[in-house]
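For the sequence shown, numbering that gives the first Met the number 0 assigns the number 0 to the initial residue and increments by one for each residue that follows.
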Amino acid sequence: MPKPAASLNLNELNSPRIHRLHGYWQHQRDKRGGQLPRRGDIAPDQIRDLLPNIMIVDVERDPMRFRYRLVGTRVVEYNGVEFTGRYLGEIGWPEEQDLIDSYAFVANSRQPFFGLLAWELVTGAVGRCEFARLPLSEDGEAVTQILAMEDYDFPQLDATPSGVGTTR
């Protein structure tokens, strides 16, 4: 995983997948009268084409920890490691604290978090990943899980780098 380059507003993201997932999440929230949706409100058959990019992250408290309950196949492919069932902070990525901080923001604020990750590829091109973290709650109040998505954009091998400093 690259280091987060920027947190963004939803309207600054280009990913149609993230916009679609957020719209679906918001619809589920609206159906619950504005309360956070439960995991059971998320029907995989309604977002089947998004599943390869989706993660479900468990939120544990005292101490606060984040466990990857489900990791989509495209996320595993692009990260080069299967991390289903593992905790953030135990995987070994150098930027895990940045990831923990973004999940903690969602868990504590009960608000979605959107952003952009960018890094230099070994070819000199720039890899991009827009991401979303959407809170889920079993009681409509405390965040118990986070519905996350990563949408990747890898340029052609002959693309010109745009000056991103993080090397993957």
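We put the CB at the ideal spot given by N, CA and C, even for glycine.
Practice problem: Take the Cβ of glycine 39 as the centre, count every other Cβ of all protein chains shown within 10 Å, and call the residue buried at 16 or more, exposed below. | Solution: exposed
Quiz item: Is the distance from the Cβ of leucine 87 to the Cβ of leucine 69 below 8 Å?
Solution: no
Quiz item: Assuming valine 58 contacts alanine 106 under a Cβ cut-off of 8 Å, what Cβ separation, rounded to an integer in Å, is found between them?
Solution: Sure, about 5 Å apart at Cβ, within 8 Å.
Quiz item: What is the DSSP secondary structure of isoleucine 53, counted as helix, strand or coil?
Solution: In this structure, isoleucine 53 counts as strand in the three-state DSSP scheme.
Practice problem: If I'm right that isoleucine 55 touches leucine 120 with Cβ under 8 Å, what's the distance once you round it to whole angstroms? | Solution: Isoleucine 55 to leucine 120, Cβ: 28 Å. No contact.
Practice problem: Give me the Cβ distance between arginine 172 and glutamate 140, rounded to the nearest whole Å; I'm assuming they're in contact under 8 Å. | Solution: This structure cannot settle anything about residue 172, because the visible part of the chain is limited to 0 through 167.
Self-check item: Helix, strand or coil at alanine 117 according to DSSP, with G and I counted as helix
Solution: strand
Quiz item: Which of helix, strand or coil does DSSP assign to glutamate 137?
Solution: coil
Quiz item: Where histidine 26 and glycine 32 are concerned, what is the direct C-alpha to C-alpha distance, given to the nearest angstrom?
Solution: 10 Å
Quiz item: Considering only residues of the same chain and omitting the five flanking positions on each side of phenylalanine 112, which have a CB-CB separation below 6 Å?
Solution: Hits under 6 Å: Ser101, Phe104, Val105, Arg132.
Quiz item: What's the gap between the Cα of tyrosine 23 and the Cα of arginine 109?
Solution: Cα to Cα, the separation comes out at about 17 Å.
Quiz item: When the distance is taken between beta carbons, is isoleucine 46 closer than 8 Å to leucine 20?
Solution: Their beta carbons are under 8 Å apart, which means leucine 20 touches isoleucine 46 by this criterion.
Practice problem: Please work out which residues of its chain come closer than 8 Å, Cβ to Cβ, to glycine 84, disregarding the five sequence neighbours upstream and downstream, and give them in chain order. | Solution: Arg66, Tyr67, Arg68
Quiz item: In whole angstroms, what is the alpha-carbon distance linking glycine 126 and tyrosine 77?
Solution: 10 Å
Quiz prompt | Spatial distance of glutamate 89 from aspartate 29 (CA atoms) | solution = 36 Å
Practice problem: Report all residues from its chain with a CB closer than 6 Å to the CB of arginine 64; omit the five preceding and five following residues, and keep chain order. | Solution: Tyr86
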